[in-house]
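J.: Just so you know, the protein sequences line up as chains E and X, in that order.
The opening residue of the first sequence carries number 1 in my numbering; numbering runs sequentially from there.
The opening residue of the second sequence carries number 1 in my numbering; numbering runs sequentially from there.
C-beta atoms are modelled at their ideal positions from N, C-alpha and C, and glycine is treated no differently.
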Amino acid sequence: MKKSKTAIIIVLLILFFSIFFFFFPLNEVAKNLPIVKVFYRNTVLEVTSPNSKALVKIDGKEYGSTPVNITNLVAGEYQIEMIKESSSEGFYKPHIFNIWLTKNSTSRINMEIGPDDNLHGFELYYTEDNTGDINMGKLTLTSNASDTKAYIDNEYINKTPITNHILNKGEYTIKMESEGYEDLEFPVVVSEGHILHIKGHQFPIPVSFDIN
Amino acid sequence: MGKEDLSRIKGQVPVSVIVHGGNYISYLLAKTLLEQGSYVVIIDKYSNNSKQYFSQLKKSGKVSFIDFKGIKGFYEKIARVDYLYYMLGERIEESPTIDSKDFLSETDYLNQSLSCANKYKAKISLITSLRLNRELSNIINNDASTKTKAYSPLELQRYGENYCAEYVDKTKANLRIIRLGTLVGRGVSQISDITLDKLFFDATQKHQIEITGEGLEIHNLIHESDAIYGILKLTFSDDTKGEVISLCNKNDYSTLSIAYKLLELDVEAKAIKFIEREDANTILQDLYVPAPNATVYDWKQNVTLEQATIEQIDSYYEKSDKKWEIDKTDRTKEKVVETTVSKTKLGEFLSLLASPFKKISTPKKLFEKINYTRIFITSILFILLLLITYYLISPFIGISLGSYLIYSQGKQLSNSISELDFDKIQKETESLSKNSIRVENNFNKIFWLFKITNSQDEFSNLYQIVQGTKLISESGEDLVVGLRPFGEYIRDYEPSINEDGAEKESIEEYKEYLSAIKDNRYLLQEGVYKMSLAQNLITKVDTRKYPNFIKDFVYQYKELVNQIDSTVKPLEKVSEFLPDLLGVDQRKRYLILLQDNGEIRGSGGWISNYAVIAIENGQIHEIFIDDIYNAQALLALKGFKYRTPNSMTRALQDVTYSFPLVNWDPNLENILLSSEQFIYDLGKGEQLDGIIALDAVFLQRVLDAWGGVEVAAESDLITSENLYSNILEDSTSQSPTEIRRSTFLTDLFNSVLTKIFSTKFTENSKVYEVISKSIDEKNIIFAFKNSSANTYLSSNGWTSNLESKYQSTPINIDWNWGNNKANLFIKKNHILSINIKDENTIDYSYQIAIQNDSKEEDKLEGAYINYLRVYIPLNAQLTYIRGIVDNKYDIYNENGYQVVAGWFNTPIQDSATVDIRYRLKQEDSSFFPIEKTDTHYNMILDIYKQPGSRMESYSLSITYPQEWTLENSRGLTRIENTANRRFELSSDQHFSISWVR
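What follows is the structure, encoded as structure tokens:
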């Protein structure tokens, strides 16, 4: 009787913990625990627009003009709004980007804002991934243009979207080419135990007409 | 007690018989059995002592007493015995002397009892005295020559035990011999062991405890409650069958040690006095080896020696006038709670589960019993269990639970979507998203399992599905929030006009909805982004690695994801221009043309009517519908003149360009720009923001969907069947250049548009199906000034513009100038042969064959008088033209194309063929449909379908050099070095072909 009682208790405990682990948001709670939360604030967000200035808002709160470097935000998903500073009011639309901040990593938006919905640059962020091999990381790459060819260190990989492309950890140069769009090239760091997400945005090449 | 009484006992009530049951221990045993629901029969002599116990037990009503005189009759009559407790030890302890009569009687009782109990397969326990057994053993061990008296308690016990042992051997009865230790406890008024009785008496009544001899005699004690628990446990257990068991505390105690224990408890006596033994029967050595202790059979001593001793001292004090002052407070506390609390079955179960934690409520006791090794082992086991749970069991439970939740929530979501309940949709997608993340997290937890089994590839393959599903649900979450304003606009939209076409008094506007669509666009972009990643992940899944029984599911899932992806992608694009088209910033004005494709023209058919509608903040603010010949007449009256396009002059000579001929140009964008001037001159608006052209096929489909429509001045319901007869009745013109007013068509156009625009979006589902089909087949075409909208429509082939992509194949544009509906009676066959000579040269051969099934010349049918235009690339070198009337063809450049034009007529019941051949050569900055890469030749062919055309078959054949290897020719059939396809040209067609170089 005692043995069966113990067995029932163990089974119930396992069930309880299994359901508890399923529903309980360990990470979310950990983020708010004293001392532990420090580890979740080890984040960096860089927002740049190389040839212009843009006002940066994060979840509606202003953080000044680009370039902006914000550290120690709690890991999680954020809405970054970029409003290009221009003398002609309303010519450039504000743009919102959803980006993840992951502990011990740097997320970056490097974006040039053009008229209408035209953007040129990239959004880059990391997410944790414990399913890879030692010294390996993964890469996910997309582009706003269709049929974009992706190159890593000048070696053609595939057309976008590319998902879970496995690479050794280290530095690489990403190049994105699409017909009718300007090329996009930038350096990235692939880190072990992370998936590097890159969203590329390419300006369409202006069409020239011969006027006879 | 007989069969009659026993028959009243229910079958499940056990019957227990206690022989020699008129003593304290038997009383306790009977009481416990009664509490457990047993029927108890006590057999003993009816004495003052036993009477006292029976009267107590009688209160329960389930007990019977039998005197030994009636034992024989009882055993003969009884129908069932489940348990027999033969208390031989108690019988022997009661009387120190036994004569032959007693001996014989006892053996007879024993014999009868065993026979009866065995008859009913009862469980039998012979309870004897451990003390007497030890005494007997020591006598024999110390002096083998010594013999006990023939009729003594020792001999009776020895006889009883031996008889039972032999009985088991003979009959295989379910019998055990239980040697019970010396009983102590509160209810024991006098201990049966003389030595111990004296010890307790001295301790409670004298100043010193007198011990005769050295006090080394060994005693086996047992508390009364432990004894009852033990007797029952050992009797109930089948493991004890045929065994001899010692039921007593596991530790032996000497007289001296018990004496010291008594002194510790601050009794009356304060010292021990040893007295020299006078008799010569000193036992030199206690060599007694007791039978296996009851602990072997999971019996456990519950009352400590100290507690038992205290109770026994209490009992001795109660007999005397003296009072024991020790530790009164503690002992009274134990007596306080007398209330019996009974539990329900559920209560008992919960109590059972919670029993391990009960000790926590008495921390003092808990800490007294701390066993650090056990704590360590328990902790290790707990941590191990926790790790196994976290990394193995919990993930599997989590994946199963999460998958179930996703599945059930997905079903709920589809219901909510059909009800357009956005709060529910949003909640359910959020919940779906959370659960899919949970499933992914759980799946990650079992990565180690795949790693140690070297199955990472299988993990990756499965993980793609999990990751993809998570992305889909996250995408759904973004899309729902992003599309909510649009969905709410559709749900809440109230038309500004009534069914009769009159404007409503209060008009709702939807600026906030439209602004929200714009503001939420980034969410749609995010949703589309995630969906494209999901589609990429799931498409890459290697289905071969899945077990057969789920392969089909994976295939279906892949297909579903592809469908969702192709549905979702356009949403983001549409959200870009939709608010603008619906006038979020300023009023937008659109021209709607009704074209009769029974009489085909450039953009679809003869234009009979037009409408101008203005939309602002998502609401219709103006609607004007008229006969296009009214407009022509009005403009002529006002004196407006318009320059006739050159190509029209060359084709139709002296025809005056007017609003009804605005679709001479097959480019809808050009028609929009040309119409703008007419509309401006008519005073219907300064500019147009877009044009929508509908044809008669669309009208027929709408009429079918509605089952007909009422039209002013028409007595019959207008349906798709009687549509043309009404059109023809109304037609009076003799020549295509005449004014061709049609009151019927104007009224019909008015009724249809009013019905569409006065109906709520949610109630127009049938019309949307018709619209969707008509857009695909170009029975509805659009052109907007909004470039994003135009790009989107163009990419879907929903516009009617001769874009550069169509240069890859010849474009055929017909213009019926016969003033009849001959297009309803003709069959057309296109034959296009593309002969790729080499990587720089392609020969095209294009034939159009028309068969005219018209039977007579009237307003409906007749000769097909058709001005044909074939658009080919500017750099095409024409090599052959045949089939044009009188071989008088015209060649000119228009809309970025080279046009071959001329009359291509087909008489009644006749057929005609036109044949045009040309060559394309790869030259700088000129069009060439083959693209060369390092490894491949790629060719994309886009075939243009003239809006309004019907019943056209198309035969495509591509011949390529023998040395080229065809790699991709989706939709084409390959025969040697030719790829073919025959199809109905119901919409624009796209082919992508590639060869390995």
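Pick out whichever of E:A54, E:I19, E:G121 and E:S65 has its Cα sitting closest to the Cα of P204 of chain E.
T.: Among E:A54, E:I19, E:G121 and E:S65, the Cα nearest to that of P204 of chain E is on E:G121.
J.: F68 of chain X by DSSP, collapsed to three states: which one?
T.: F68 of chain X falls in the helix class under three-state DSSP.
J.: Is it buried or exposed, V296 of chain X, if we count other Cβ atoms within 10 angstroms and call 16 or more buried?
T.: exposed
J.: Whose C-beta lies closer than 6 Å to the C-beta of T160 of chain E among residues of the same chain, with five residues either side of it excluded?
T.: L141, T142, S143, T148 and A150
J.: Can you list, in chain order, the residues of its chain whose CB lies under 7 Å from that of T339 of chain X, leaving out five sequence neighbours each side?
T.: Low confidence applies here, because T339 of chain X scores a pLDDT of 45, under 50, leaving its location unreliable; read the following figure in that light. If we look at T339 of chain X and ignore the five residues flanking it on each side, it has no Cβ neighbours.
J.: From D133 of chain E to L196 of chain E, what does the alpha carbon distance come to, in whole angstroms?
T.: Between D133 of chain E and L196 of chain E, the C-alpha separation is close to 15 Å.
J.: From X:K540, X:V561, X:K504 and X:E348, pick the residue whose C-alpha is nearest to that of V528 of chain X; which is it?
T.: It is X:V561 whose Cα lies nearest to the Cα of V528 of chain X.
J.: Could you pull the start and end residues of the beta strand (DSSP E) that F200 of chain X belongs to?
T.: Note, F200 of chain X: premise wrong, no beta strand (DSSP E); alpha helix (DSSP H) at I194 to Q205.
J.: Chain X partners of I14 of chain E, CB-CB under 9 Å?
T.: Here the neighbours are L385, I388, T389, I393, S394 and I397.
J.: Would you say N820 of chain X and D858 of chain X are within 9 Å of each other, going by their C-beta atoms?
T.: yes
J.: Chain E beta carbons: is any one of them nearer than 9 Å to that of G583 of chain X?
T.: no
J.: Within 10 angstroms of its Cβ, does Y372 of chain X collect 16 or more other Cβ (buried), or is it exposed?
T.: exposed
J.: Considering only residues of the same chain and omitting the five flanking positions on each side of V40 of chain X, which have a CB-CB separation below 6 Å?
T.: S16, A30, L33, L34 and V63
J.: Quick check on this structure: which residue in X:S515, X:Y522 and X:Q563 has the alpha carbon closest to the alpha carbon of L578 of chain X?
T.: X:S515
J.: Strictly below 7 Å CB to CB, what residues from chain X border N98 of chain E?
T.: Chain X residues near N98 of chain E: E526.
J.: Please confirm whether K213 of chain E has its beta-carbon closer than 9 Å to some beta-carbon of chain X.
T.: Residue 213 of chain E is absent from the model: chain E starts at 1 and stops at 212.
J.: Check whether the region 383 to 398 of chain X and the region 434 to 445 of chain X are in contact - that is, three or more C-beta pairs closer than 8 Å.
T.: These segments touch.
J.: Counting contacts by CB-CB distance shorter than 9 Å, is K932 of chain X in contact with chain E?
T.: For K932 of chain X, not one C-beta of chain E is nearer than 9 Å to its own C-beta.
J.: With H, G and I counted as helix, E and B as strand and the rest as coil, what does DSSP make of L33 of chain E?
T.: Per DSSP, reduced to three states, the secondary structure at L33 of chain E is coil, with no helix or strand assignment.
J.: Considering just the uninterrupted stretch of the beta strand (DSSP E) at V189 of chain E, what are its terminal residues?
T.: L184 to V190
J.: Based on DSSP bridge pairs, tell me the residues matched to H201 of chain E.
T.: E:G121
J.: Any chance you could list the beta strand (DSSP E) runs of at least 3 consecutive residues sitting entirely within the region 888 to 962 of chain X, in chain order?
T.: Fully enclosed beta strand (DSSP E) runs of 3 or longer: 890 to 894, 897 to 903, 910 to 921, 930 to 932, 936 to 943 and 952 to 959.
J.: Quick one: which unbroken alpha helix (DSSP H) runs of 4-plus residues sit fully inside the region 3 to 57 of chain X? Chain order, please.
T.: 3 to 6 and 24 to 35
J.: For F782 of chain X, which three-state DSSP category applies?
T.: For F782 of chain X, the three-state secondary structure derived from DSSP is strand.
J.: Please decide whether F22 of chain E counts as near chain X, where near means a Cβ-Cβ distance under 9 Å.
T.: yes
J.: Between the region 497 to 512 of chain X and the region 544 to 561 of chain X, can you find at least three pairs of beta-carbon atoms closer than 8 Å?
T.: Contact fails: fewer than three Cβ-Cβ distances are below 8 Å.
J.: For the region 138 to 171 of chain E, which residues have a CB atom closer than 8 Å to at least one CB atom of chain X, in sequence order?
T.: Within the region 138 to 171 of chain E, the residues whose Cβ lies closer than 8 Å to any Cβ of chain X are, in chain order, T140, T142, P161, I162, T163 and N164.
J.: Which residues in the same chain as Q456 of chain X place their Cβ atom closer than 7 Å to its Cβ, once the five residues preceding and following it in sequence are excluded?
T.: F450
J.: Can the beta-carbon of S905 of chain X be found closer than 9 Å to that of V899 of chain X?
T.: Per the sequence presented here, residue 905 of chain X reads as Asn, with Ser not at that position. By the CB criterion at 9 Å, N905 of chain X and V899 of chain X fall outside the cutoff.
J.: For a contact meaning CB atoms closer than 9 Å, what does L483 of chain X contact in chain E?
T.: Here the premise fails: no neighbours, minimum Cβ distance about 16 Å.
J.: Can you find at least 3 beta carbon pairs, one from the region 48 to 67 of chain E and one from the region 420 to 434 of chain X, that sit closer than 8 Å?
T.: no
J.: Could you tell me whether any Cβ in chain X is nearer than 9 Å to the Cβ of F17 of chain E?
T.: yes
J.: Go ahead and pull the three-state DSSP assignment for W606 of chain X.
T.: strand
J.: Name the DSSP beta bridge partners of Q208 of chain X, please?
T.: X:A271
J.: Is the region 162 to 178 of chain X touching the region 99 to 115 of chain X in the sense that three or more CB pairs, one from each, lie closer than 8 Å?
T.: yes
J.: Determine the chain E residues that contact S532 of chain X at a beta-carbon separation under 7 Å, and present them in chain order.
T.: T142 and P161
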